[in-house]
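Undergrad: Taking the working numbering, the leading residue of the sequence shown gets 357, the next gets one more, and so forth. Beta carbons: idealized from backbone N, C-alpha and C, even for Gly.
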Amino acid sequence: MDCLFCKIVAGEIPAAVLAQDTGWLAFEDIDPKAPVHVLVVPKRHLADVGELGSDPQAAAAVLAGVGAVARQLGLTAYRTVFNTGAEAGQSVFHAHAHVLSGRNLTWPPG
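1) Do the stretch 430–441 and the stretch 365–376 touch if we need at least three Cβ pairs shorter than 8 Å?
2) I need the DSSP call for Pro412, collapsed to helix, strand or coil.
3) Which of the three DSSP states is assigned to Glu407 in this structure?
4) Applying the criterion that 16 or more other CB atoms from any shown protein chain within 10 Å of the CB defines a buried residue, is Lys389 buried or exposed?
5) Taking the beta strand (DSSP E) that Val365 belongs to, which residues open and close that run?
6) Is it buried or exposed for Ala426, if we count other Cβ within 10 angstroms and need 16 for buried?
7) Output yes or no for whether 9 Å exceeds the beta carbon distance between Val418 and Gly367.
8) Answer with buried or exposed for Pro398, where buried requires no fewer than 16 other C-beta atoms within 10 angstroms of its C-beta.
9) According to DSSP, is Ala382 part of a helix, a strand, or is it coil?
10) Kindly indicate which three-state DSSP category Arg435 falls into: helix, strand or coil?
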């Protein structure tokens, strides 16, 4: 499989890893959209949030990872985003949660 995030999980491609557990890995996004932009990925390859939802154990692991990262970074307010499909902005087809913080993220912007 030629999956960027699988290669990061396997240690084949370097990443700024912040934390990990048996089912998830968290690392800094290389193209941040906020002052804090961390990706939390399941260690097992699942293409998108639809596939992640079909594996309750992996889904729970990713959500636990989001919470662990927020606690580690001392975040009191943050947004968690899952993009599913290219038209929704997914560019790496391995399920992942974006954890964004460090600026006003209210919606709609403005």
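TA: According to the structure shown:
1) Judged by Cβ distances under 8 Å, the stretch 430–441 makes no contact with the stretch 365–376, as fewer than three pairs qualify.
2) Pro412 falls in the helix class under three-state DSSP.
3) Glu407 carries a helical assignment under DSSP once its states are collapsed to helix, strand and coil.
4) Around the beta-carbon of Lys389, fewer than 16 other beta-carbon atoms lie within 10 Å, marking it exposed.
5) That residue, Val365, is in no beta strand (DSSP E); its alpha helix (DSSP H) goes Leu360 to Val365.
6) Residue burial is scored here from C-beta neighbours: Ala426 has at least 16 other C-beta atoms within 10 angstroms and is therefore classed as buried.
7) At a Cβ-Cβ threshold of 9 Å, Val418 and Gly367 do not count as neighbours.
8) Per the 10 Å Cβ criterion, buried.
9) Looking at Ala382 - three-state DSSP - the assignment turns out to be strand.
10) The answer is strand: DSSP assigns Arg435 an E or B state.
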